[in-house]
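Enquirer: I'd like to ask you about the structure that follows.
Residue numbers (the working numbering): 22 to 111.
Set out below in structure tokens:
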């Protein structure tokens, strides 16, 4: 039951909002490219994509002034940073 509650309260895209749809495409691209770089053993490229993810979050919060979208971007950045830390110290 708690997993369902967490999923319901997690930040989500508003699929009726064109800015959310556009950002979703950009985030998917950054996410995929990050893990592709990791799989290919290209840490500098992976860091570039992590930086792009941070940039998307800043755009959502400071340019688009959209806290909900910023929260979704923040979740993606947390996943990329957690992956980076796990791989750095493994």
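A virtual CB, placed ideally from N, CA and C, is assigned to each residue, including glycine. Predicted model, so just to flag it, every value in this text is computed and none were measured.
Assuming residue 33 contacts residue 90 (C-beta within less than 8 Å), just tell me the rounded distance between them.
Expert: Contact flag wrong, Cβ pair sits at about 10 Å.
Enquirer: Taking only runs of the alpha helix (DSSP H) that begin and end inside the region 52-92, which ones reach a length of at least 4 residues, in chain order?
Expert: Taking only runs of at least 4 residues, the alpha helix (DSSP H) segments lying wholly in the region 52-92 are 64-79.
Enquirer: Please work out which residues of its chain come closer than 8 Å, Cβ to Cβ, to residue 95, disregarding the five sequence neighbours upstream and downstream, and give them in chain order.
Expert: Answer for residue 95: 32, 78, listed in chain order.
Enquirer: Taking the alpha-carbon of residue 58 as reference, which of 48, 47, 70 has the nearest alpha-carbon?
Expert: Minimum Cα distance to residue 58 is reached at 70.
Enquirer: Going by C-alpha to C-alpha distance, which of 37, 65, 52, 35 sits closest to residue 100?
Expert: Nearest option by C-alpha distance: 52.
Enquirer: My understanding is that residue 97 touches residue 48, with C-beta atoms under 8 Å, so please give their C-beta distance in whole angstroms.
Expert: At roughly 5 Å, the Cβ-Cβ gap stays under 8 Å, so residue 97 and residue 48 are in contact.
Enquirer: Ignore the nearest five residues each way along the sequence and tell me which others in residue 76's own chain have a CB closer than 6 Å to its CB.
Expert: If we look at residue 76 and ignore the five residues flanking it on each side, it has no Cβ neighbours.
Enquirer: Select from 60, 37, 87 the residue whose C-alpha is nearest the C-alpha of residue 104.
Expert: Checking every option, the nearest Cα to that of residue 104 belongs to 60.
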